[in-house]
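Going by the numbering used here, the letters in the sequence shown line up with residues 1082 to 1213, in that order.
For each residue, glycine too, the CB sits at the ideal point set by N, CA and C.
Computed from a predicted model, the values in this text were never measured in an experiment.
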Amino acid sequence: MGLVESSWSHGLTWLMQFIHTIWNHVHQEWVTRNKAKNGDDSEPQTVAKLARIKRQTEHLYTFKDKCLPRRHRQVYFYESVEPHFEKHTRYPELDQWVQAHQRSIYKSCQMDTTNNEAGQLLIGQFLQGVSD
1082 MGLVESSWSH
1092 GLTWLMQFIH
1102 TIWNHVHQEW
1112 VTRNKAKNGD
1122 DSEPQTVAKL
1132 ARIKRQTEHL
1142 YTFKDKCLPR
1152 RHRQVYFYES
1162 VEPHFEKHTR
1172 YPELDQWVQA
1182 HQRSIYKSCQ
1192 MDTTNNEAGQ
1202 LLIGQFLQGV
1212 SD
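So this is what it looks like as structure tokens:
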């Protein structure tokens, strides 16, 4: 009983079948992982999305007092994250806020860090003693 060679048992056809088999297994694992992480149906997915956007919002609130000028704090933030969540309870509202302000908040903090490293003062810091 010897091995019979056929057109599918070697060469390019075999390689394509091998890649296809691996891809199917990897894709199935990804689908399983995605369902476990984000929920299996629309309600758990919505809950997972809301929890994720709330974590992002809370993270952005950690920058509120660190490096943003007062005028930016008043524009971007409520007094704390709790009133923010009371006013904006749905995912689309929170996501819109994050998308609208995240880049500006990060950029402002990056500029503040750069100024501090260079020993530069912002114009507002120069003028603080002038109006007194």
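Rounded to whole angstroms, what's the CA-CA distance from serine 1123 to arginine 1151? Just pull it up for me. Taking the first residue of the sequence shown as 1, we reach residue 1123 at position 42. Taking the first residue of the sequence shown as 1, we reach residue 1151 at position 70. Near 40 Å, if we compare the C-alpha coordinates of arginine 1151 and serine 1123.
For phenylalanine 1099, does the count of other Cβ atoms within 10 angstroms reach 16, so buried, or fall short, so exposed? Mapped onto the sequence shown, residue 1099 falls at position 18. It is exposed - the Cβ of phenylalanine 1099 has fewer than 16 other Cβ atoms within 10 Å.
Going residue by residue through the segment 1156 to 1182, where are the continuous alpha helix (DSSP H) segments of at least 4 residues, counting only ones entirely within it? Listed in chain order, the complete alpha helix (DSSP H) runs (minimum 4 residues) inside the segment 1156 to 1182 are 1162 to 1168.
By Cβ distance below 8 Å, which residues in the same chain neighbour glycine 1092 in space, the five residues on each side in sequence not counted? Taking the sequence shown and counting its residues from 1, one reaches residue 1092 at position 11. Same-chain partners within the cutoff: there are none.
Can you tell me which of Pro1125, Asn1115, Thr1170 puts its alpha carbon nearest to the alpha carbon of lysine 1135? Translated into the one-based positions of the sequence shown, residue 1135 becomes position 54. Checked all of Pro1125, Asn1115, Thr1170; the closest Cα to lysine 1135 is Thr1170.
How about leucine 1141 and histidine 1182: do their beta carbons lie closer than 9 Å? One-based indexing of the sequence shown puts residue 1141 at position 60. One-based indexing of the sequence shown puts residue 1182 at position 101. A contact, by the Cβ cut-off of 9 Å.
Is the Cβ-Cβ distance between threonine 1138 and valine 1107 less than 9 Å? In the sequence shown, the residue the question calls residue 1138 occupies position 57. In the sequence shown, the residue the question calls residue 1107 occupies position 26. Cβ distance not < 9 Å, so threonine 1138 and valine 1107 don't count as in contact.
Between valine 1162 and isoleucine 1103, what straight-line distance do the alpha-carbon atoms span, to the nearest angstrom? For the purposes of this step, residue 1162 is taken as residue 81 along the sequence shown, with counting starting at 1. For the purposes of this step, residue 1103 is taken as residue 22 along the sequence shown, with counting starting at 1. Cα to Cα, the separation comes out at about 46 Å.
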